[in-house]
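Visitor: Quick note: the sequence shown uses this note's numbering, first residue 1152, plus one each step. My questions all concern the structure below.
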Amino acid sequence: MEVKELSKTDLSSNPVIGQMMLNNHEQVVFCNDNLTGLKAIIAIHNTVLGPSLGGTRMWNYKNETEALNDVLRLSRGMTYKSSVAGLNLGGGKAVIIGDASKIKSEALLRRFGKFVNSLGGKYITAEDVAMSSRDMEIINMETDYVSGLPENMGGSGDPSPVTAYGVYVSMKASARETWGSDSLSGKKVLVQGIGHVGEVLVSHLTKDGAKVYINDINENKIKEVANKYKAEFIAADKMFDLDMDIYAPCALGATVNDETLSRLKCKIICGAANNQLADETIQGVEVGKKGILYAPDFVVNAGGIINVYYELEGYNRERALGHAEKIYDTTFNLFQMAKKDGIPTYLAANKLGEQRIEAIAKINAVM
Ligand code: NAD
1152 MEVKELSKTD LSSNPVIGQM MLNNHEQVVF CNDNLTGLKA IIAIHNTVLG PSLGGTRMWN
1212 YKNETEALND VLRLSRGMTY KSSVAGLNLG GGKAVIIGDA SKIKSEALLR RFGKFVNSLG
1272 GKYITAEDVA MSSRDMEIIN METDYVSGLP ENMGGSGDPS PVTAYGVYVS MKASARETWG
1332 SDSLSGKKVL VQGIGHVGEV LVSHLTKDGA KVYINDINEN KIKEVANKYK AEFIAADKMF
1392 DLDMDIYAPC ALGATVNDET LSRLKCKIIC GAANNQLADE TIQGVEVGKK GILYAPDFVV
1452 NAGGIINVYY ELEGYNRERA LGHAEKIYDT TFNLFQMAKK DGIPTYLAAN KLGEQRIEAI
1512 AKINAVM
């Protein structure tokens, strides 16, 4: 995908289109409504494969620059995620600027829905941070370009079981690459974050006979999951020193950083959280040097977007799970590509995403 190098001076005098040029973003829409207090940015990174799809995040950004940077970064990430997952979707994302607990209202969400609708389907929205399925129902009053609706509205409901299944098959592919067999029986796995995705992952691992360790900040959840699956709780200050085979980050991003990486003794990192590497250009390389196989997060956790994609096609959970199963082959193939090209796995994943977009762009050009 064509990118441009711009100097700091170029960027300070061209802070919007200049930023878009860095990663070749197609379109950015700024939305304002004084009546409802809505301030939002919709970023469409790439629509070669199909309409851009990505959630709407509500966040109290310090300023517009921070919001713009976030929406540009996140929308680009969606392009890669959908491309590698083999979906006919492009990458997009929206951010609403402000504290959700203070400014979110029906009127603000409906006004946002009208902006989404004005794009005529070029951007399809979904849930993200500080947005609920009820909020999606409200946005849906103004536009059909919404996905991830509750099942009782004909939507696909909670995507987490499909995401967890994708993480599980990815972990098996990583085990095959590391130990020559994809069996997880007897492997020591730490699942950090046992929420919607983490708990279902624990259930798959337990069925396979893995030794599961869990960590979370929610004490009730820890008790419940530990009892239900006979998983062992490990405290936060000890977990990165644990003698384990696989680390599965399923809570938040940036947990693989210089500090944790100096302590981690696992052979595989494979989990659901987005942006697991604090800086992919640093830890993405360091993991390899430490003999750890990193399964790139956006490949591993694509089950969520796969689930939403099948909602657009008339939802069927079996088809969504069947597609998520393909994450096994995608993960294994990208490890082979990384080895063949002598590049870190995170780079191989980006390359895989770009290759598909470039190939389809060529056939789109044929009349
Ligand atoms: P969730 O909110 O249901 O669960 C997150 C869990 O992490 C909660 O139990 C929470 O208590 C715990 N947690 C929060 N901070 C923690 C900390 N510092 N240490 C340990 N535990 C902590 O979220 P989820 O839907 O299960 O998603 C998990 C991760 O996967 C998120 O990063 C999410 O962005 C990503 N993801 C989820 C999906 C999906 O389908 N739900 C899809 C793609 C990516």
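The C-beta atom is built at its ideal place from N, Cα and C for all residues, glycine as well.
Just to confirm the assignment: which complete beta strand (DSSP E) runs, minimum length 3, are found wholly within the region 1319–1345?
Guide: 1339–1343
Visitor: Whose C-beta lies closer than 8 Å to the C-beta of Gly1394 among residues of the same chain, with five residues either side of it excluded?
Guide: Looking at the sequence itself, residue 1394 is Asp, so the reference to Gly does not match. Within the same chain, Asp1394 has close Cβ partners Lys1339, Lys1416.
Visitor: Can you tell me whether DSSP reads Met1390 as helix, strand or coil?
Guide: helix
Visitor: Determine the direct distance from the alpha carbon of Lys1265 to that of Lys1258, and round the result to whole angstroms.
Guide: Residue 1258 is actually Ala in this sequence, not Lys. So the alpha carbons of these two residues sit roughly 11 Å apart.
Visitor: Between Thr1314 and ligand 1, is there a pair consisting of the residue's CB and a ligand heavy atom that are separated by less than 7 Å?
Guide: yes
Visitor: Quick check on the burial criterion: 16 or more other C-beta atoms within 10 angstroms. Buried or exposed for Glu1464?
Guide: exposed
Visitor: Taking one C-beta from the region 1417–1431 and one from the region 1384–1402 each time, how about it: are there three or more such pairs within less than 8 Å?
Guide: The region 1417–1431 is in contact with the region 1384–1402.
Visitor: Among the candidates Gly1242, Gly1205, Asn1185, whose CA atom is the shortest distance from the CA of Ile1254?
Guide: Asn1185
Visitor: Give a yes or no on whether the minimum CB-CB distance between Pro1301 and chain D is below 8 Å.
Guide: Reference to chain D is not applicable here, since this structure consists of a single protein chain.
Visitor: Could you tell me the alpha carbon to alpha carbon distance between Asp1409 and Ala1429, rounded to whole angstroms?
Guide: 8 Å
Visitor: Since Pro1310 contacts Gly1455 with CB under 8 Å, what's their CB separation in whole angstroms?
Guide: 4 Å
Visitor: Ignore the nearest five residues each way along the sequence and tell me which others in Thr1314's own chain have a CB closer than 7 Å to its CB.
Guide: Val1348, Ala1423, Asn1452, Gly1454, Gly1455
Visitor: Is any non-hydrogen atom of ligand 1 found closer than 7 Å to the C-beta of His1355, if you look at the structure I gave you?
Guide: no
Visitor: Nearest to Asp1388 by CA position, among Asn1366, Tyr1461, Met1292, is which residue?
Guide: Comparing alpha-carbon positions, the option among Asn1366, Tyr1461, Met1292 lying closest to Asp1388 turns out to be Asn1366.
Visitor: Cutting at 7 Å between CB atoms, please list the residues of its own chain near Asn1458, excluding the five before and the five after it.
Guide: For Asn1458, same chain residues with a beta-carbon under 7 Å away, outside a window of 5 residues either side, are Ser1307, Pro1310, Val1313, Ala1471 in chain order.
Visitor: Starting from His1196 and walking both ways along the beta strand (DSSP E), at which residues does that stretch end?
Guide: Membership of His1196 in the beta strand (DSSP E) is indicated by the continuous run 1189–1197.
Visitor: Below 7 Å, is the gap between the Cβ of His1474 and the nearest heavy atom of ligand 1?
Guide: no
Visitor: By the DSSP assignment, the beta strand (DSSP E) with Val1363 in it spans what residues?
Guide: 1362–1366
Visitor: Going along the chain, which residues of its own chain have a beta-carbon closer than 6 Å to the beta-carbon of Ser1321, five neighbours each way excluded?
Guide: Cys1421, Ala1446, Val1451, Ile1478, Thr1482
Visitor: Would you kindly check if the distance between the Cβ of Tyr1274 and the Cβ of Ala1475 is under 8 Å?
Guide: Contact annotation: Ala1475 and Tyr1274 have beta-carbon atoms that are not nearer than 8 Å.
Visitor: From which residue to which residue does the alpha helix (DSSP H) around Gln1506 run?
Guide: 1496–1515 is the span of the alpha helix (DSSP H), which, as asked, contains Gln1506.
Visitor: Quick check: the region 1325–1344 against the region 1431–1438, are at least 3 beta-carbon pairs closer than 8 Å?
Guide: no
Visitor: Span of the alpha helix (DSSP H) holding Gly1435?
Guide: 1431–1440
Visitor: Taking the straight line between their C-alpha atoms, what separation do you get for Val1267 and Tyr1296?
Guide: Between the alpha carbons of Val1267 and Tyr1296 lies a distance of about 7 Å.
Visitor: List the residues that DSSP assigns as beta-bridge partners of Arg1208.
Guide: Val1246
Visitor: Indicate, with yes or no, if ligand 1 has a heavy atom lying under 7 Å from the CB of Ser1332.
Guide: no
Visitor: Identify whether Leu1428 lies in helix, strand or coil by the three-state DSSP scheme.
Guide: strand
Visitor: His1347: beta carbon under 7 Å from a heavy atom of ligand 1?
Guide: yes
Visitor: Relative to the C-alpha of Pro1202, which candidate in Gly1228, Leu1225, Gly1241, Ser1226 has its C-alpha closest?
Guide: Gly1241
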